[in-house]
Amino acid sequence: MDRGDLASLTAFAAVADHLSFRAAASRLGVTPSALSHTMRQLEERLRIRLLHRTTRSVSVTDAGHRLLERLRPAIEQIASALEDLNQERSRPVGRLRLYAIHTAAAVIAPVWHRFLSTYPEIHLEVQLGEAPIDIVAKGFDAGIGPRDRAAADMIIVRVMGPMKVAVVGAPSYFARHPRPRTPDDLARHSCVEYRRGADGAVYEWEFERGRKSQEISVNGRVMVNDPDLAVRAAVDGLGIAYMLEALAEPFLRSGQLVRVLEDWSPSFEGLFLYYPGHRQVPAALRALIDMIRSPGDSNSAKQLGENPFSAS
Numbered sequence: 001m002d003r004g005d006l007a008s009l010t011a012f013a014a015v016a017d018h019l020s021f022r023a024a025a026s027r028l029g030v031t032p033s034a035l036s037h038t039m040r041q042l043e044e045r046l047r048i049r050l051l052h053r054t055t056r057s058v059s060v061t062d063a064g065h066r067l068l069e070r071l072r073p074a075i076e077q078i079a080s081a082l083e084d085l086n087q088e089r090s091r092p093v094g095r096l097r098l099y100a101i102h103t104a105a106a107v108i109a110p111v112w113h114r115f116l117s118t119y120p121e122i123h124l125e126v127q128l129g130e131a132p133i134d135i136v137a138k139g140f141d142a143g144i145g146p147r148d149r150a151a152a153d154m155i156i157v158r159v160m161g162p163m164k165v166a167v168v169g170a171p172s173y174f175a176r177h178p179r180p181r182t183p184d185d186l187a188r189h190s191c192v193e194y195r196r197g198a199d200g201a202v203y204e205w206e207f208e209r210g211r212k213s214q215e216i217s218v219n220g221r222v223m224v225n226d227p228d229l230a231v232r233a234a235v236d237g238l239g240i241a242y243m244l245e246a247l248a249e250p251f252l253r254s255g256q257l258v259r260v261l262e263d264w265s266p267s268f269e270g271l272f273l274y275y276p277g278h279r280q281v282p283a284a285l286r287a288l289i290d291m292i293r294s295p296g297d298s299n300s301a302k303q304l305g306e307n308p309f310s311a312s
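Everything in the sequence shown is counted per our numbering, starting at 1 for the first residue and increasing by one.
In structure tokens form, the structure reads like this:
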């Protein structure tokens, strides 16, 4: 079908509705002469007359009536689809897909109940993973992770403030081994190693104290690629683990984990939500961003640093 046919067929339906070029032209926002020219071109392309015209009246031919019988439902469906899209701009609906690192659960979990209750027509899909991916190619609306996960042309919004690292172990582990006093002491300990993704590099532990900073390659009998597994391994006494303070906090409070090397533990800049383009942000994504940045539902993020919701 020629790209102009849809507009021409819509114009034909308008003329058939009003049986007047002047009235149909007014409805379509064009001049009567332009509308008449459109109808002549349509009939020439179809090689069949759709309208009878005189200086006083317009009527639909038999062929025109048959075309209208099949055309009207299609036009109504198109109009309905466009209206639905128009409604979505002001009323968030549909599926919202997010790709996030595991730590981002601390951003999403505090708000998702209120978010889904407020917008019952939204279906939220959250996939967690540590490997960097092309969120556009994979069909995600947005990602949540460190700033460097976002492509240069993406918009980024801070959703979690600076995060401090915690080096932890179980009391049962430290009952068998002396606590490390410096990062170099870790060479004499069993540590829970962490691999970035299934095939990624093994993470080196970063430390800083004053102006001194260093990276340590650790060794141990357990290696994981999931932060929750690292926590579990530490709680089970399998070794010392390196993780974000937010993940360790509940276990530190309960006494299941003990913190070491706190004076050497660095901070990272936090987490960011990132998405493509500066225009036509999906209404569901805009609603989620607004809710995450709402002070009333960001307690977990507030605990991780001052001014956690400033836009970047």
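By construction, the Cβ of each residue, glycine as well, lies at the ideal position given by its N, Cα and C atoms. Only a predicted model underlies this, so the values are computations on that prediction, with no experimental measurement involved.
Within 8 Å, strictly: CB atoms of residue i and residue j
i      : j      : result
Ala234 : Leu252 : no
Leu247 : Val218 : no
Ala13  : Leu28  : no
Ser8   : Val58  : no
Leu98  : Asp141 : yes
Ala284 : Leu96  : yes
Leu50  : Val60  : yes
Val157 : Ile289 : yes
Tyr274 : Ala150 : yes
Val320 : Ala100 : In the structure displayed, the chain extends from 1 to 312; residue 320 sits before or after that span and is not available.
Leu244 : Val165 : yes
Leu35  : Ala24  : yes
Glu193 : Glu206 : no
Pro146 : Tyr119 : no
Rounded C-alpha distance that separates residue i from residue j
i      : j      : result
Ile108 : Ile292 : 8 Å
Val260 : Glu208 : 14 Å
Val224 : Ala201 : 12 Å
Cys191 : Gly129 : 22 Å
Pro32  : Leu6   : 19 Å
Arg195 : Phe174 : 24 Å
Ile144 : Glu262 : 27 Å
Glu121 : Arg114 : 13 Å
Leu67  : Ser26  : 23 Å
Gly94  : Ala16  : 36 Å
Val281 : Glu204 : 37 Å
Asp134 : Leu116 : 26 Å
Residues that DSSP places opposite residue i in a beta bridge
i      : result
Arg72  : Per DSSP, none; premise fails for Arg72.
Arg95  : His123
Gly169 : Val258
Ser59  : His52
Leu273 : Ile144 and Val157
Leu244 : Val165
Lys212 : Arg209
Glu195 : Position check: residue 195 holds Arg in this sequence, whereas Glu was assumed. Beta-bridge pairing links Arg195 to Val202.
Phe21  : According to DSSP, Phe21 bridges with nothing at all.
Ala100 : Leu128 and Ile144
Supposed contact pair residue j and residue i - C-beta distance, whole angstroms, cut 8 Å
i      : j      : result
Ala104 : Leu271 : 6 Å
Pro178 : Phe268 : Not confirmed; about 28 Å, so no contact.
Ala11  : Met39  : 7 Å
Gly237 : Ala170 : 4 Å
Gly239 : Val222 : 6 Å
Pro227 : His102 : 5 Å
Exposure of residue i, with buried meaning 16 or more beta-carbon neighbours within 10 Å
i      : result
Ala106 : buried
Pro183 : buried
Arg286 : exposed
Ser294 : exposed
His52  : exposed
His189 : buried
Ala230 : buried
Pro335 : Residue 335 lies beyond the residue range present for the chain, which begins at 1 and ends at 312; the question has no answer from this structure.
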